[in-house]
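Protein chains in written order, with the numbering used here: chain A, 2 to 159; chain B, 3 to 95; chain C, 21 to 189. Backbone N, C-alpha and C fix where the C-beta goes; we use that ideal spot for every residue, glycine too. Here is the structure we will look at.
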């Protein structure tokens, strides 16, 4: 069943480290999925597996096959690309669906209104601006403020 | 020596990924709400994909890569479809 | 380049970046750079992006590729740091950690930079993009630890938005 090819020391150790790190992070993410109390918290847990978890396993696979077949094997990049592009889409759709369902059932998370923003922050940034964008970011940096919502309001009542 | 370490760490990785899949299943069965189950299913797909990749290393065959790619595709499509279903067809800005 | 030639090029390649991506993905998927595969990949790269024109997406123009590199240089360390933070929150979570929704004002408006920011914020565990209101310019997001939230708005502007604006807007 096990058909691991013999690798040079550095490649074997690197593969071992990467695969262990990736699998451990994925497992910790899954444990978080079980341990966290509300849905909004649980959204964060699988992200561990989706970023560095899968990344570690993919890198390990790349190192292993590149060394064992003595040619660059990089098609794992495809999976990395696909996961990076699709995870935001699924998470965004899921959280928006949750927010919609919560609001429809009358237990929307409480978010206090943000303070009225200065006019230059609200106006869209000039599309073909020459030097304006960097100026605007500098001003933005000083004016950023935020309000936090009531944290207890979102936990599942179940 | 280093090959022994590699063999054992691959074993440990498979074990940890299996535990991750069990955790995802646990959350899928416990719920409590539909979105929790969908999230757990998405995570299950992702963990299964990782397990496929480790299988590929263990068996020394790149064929598992295609399986992992198909799992990733299926996971994305099914999660998006289910999330859309949870929205009950209404779009939110 | 004569205007005629540049118009022909724009007709041939409506989405140059997408065409390059399609070709790269095709070659990676087949794991070969033989002339036949390159020919098939080019055929796909010339035809497939044409479907995108029906989507009415705004044109993708990367103004400063160097800013993109700087942006990635900011994102990668952040992914490691936030992975570490969320790992700690999962394994040793005390009752003092509070998660919650925050509203963050954003300065960017281009759909490309907003999409990119959504990818970045989702890829860093501990922050989840929920929805962005283009009328008010406010982004609703969920953070795992509200203690980090105070720095978050400034960090988003300084580390991501500034570079995104230089790349896409």
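Listed in chain order, the alpha helix (DSSP H) runs fully inside the stretch 96–179 of chain C are 131–143 and 169–175, counting runs of at least 4 residues.
Taking C-beta atoms under 8 Å as the contact rule, residue 81 of chain C and residue 34 of chain C fail to qualify, at a distance of about 13 Å.
The beta carbon of residue 24 of chain A sits closer than 8 Å to the beta carbons of 54, 57 and 58 from its chain, once the five residues preceding and following it are set aside; these are given in chain order.
Close CB contacts of residue 50 of chain B within its chain, under the 6 Å cut and outside five residues either way in sequence, are with 73 (chain order). Only buried fits residue 133 of chain C, as 16 or more other CB atoms lie within 10 angstroms of its CB. Within chain A, the residues placing a beta-carbon under 8 Å from that of residue 107 of chain C are 26, 29 and 49, ordered along the chain.
For residue 6 of chain A, the three-state secondary structure derived from DSSP is coil.
For residue 44 of chain B, the uninterrupted alpha helix (DSSP H) segment begins and ends at 36–61. In its chain, beyond the 5 residues on either side, 84 and 88 have a beta carbon closer than 7 Å to the beta carbon of residue 51 of chain A. By the Cβ rule, the stretch 77–89 of chain B does not count as touching the stretch 29–46 of chain A, because fewer than three pairs are nearer than 8 Å.
For the pair residue 78 of chain C and residue 130 of chain C, the Cα-to-Cα distance works out to about 9 Å.
Residue 146 of chain C belongs to the set of residues whose beta carbon lies under 8 Å from a beta carbon in chain A. At a cut-off of 8 Å, the C-beta of residue 35 of chain B has a neighbouring C-beta in chain A.
Here residue 7 of chain B carries a helix assignment [DSSP, helix/strand/coil]. Residue 170 of chain C is classed as exposed because its beta carbon has fewer than 16 other beta carbons within 10 Å across all chains shown. Inter-residue distance for residue 82 of chain A and residue 28 of chain C is about 31 Å (C-alpha atoms, whole angstroms). A direct Cα-to-Cα measurement between residue 143 of chain C and residue 178 of chain C gives close to 18 Å. Nearest to residue 12 of chain A by C-alpha distance, out of B:5, B:31, B:62 and B:54, is B:5. Residue 54 of chain A reaches chain B at 52, counting residues in chain order whose Cβ is nearer than 7 Å.
By the Cβ neighbour-count rule, residue 78 of chain A is exposed, with fewer than 16 other Cβ atoms within 10 Å of its own. Cβ-Cβ distances below 7 Å link residue 38 of chain B to 29 in the same chain, with the five nearest sequence neighbours on each side left out; the list follows chain order.
About 5 Å separates the beta carbon of residue 70 of chain B from that of residue 55 of chain B, a gap short enough to meet the 8 Å contact definition.
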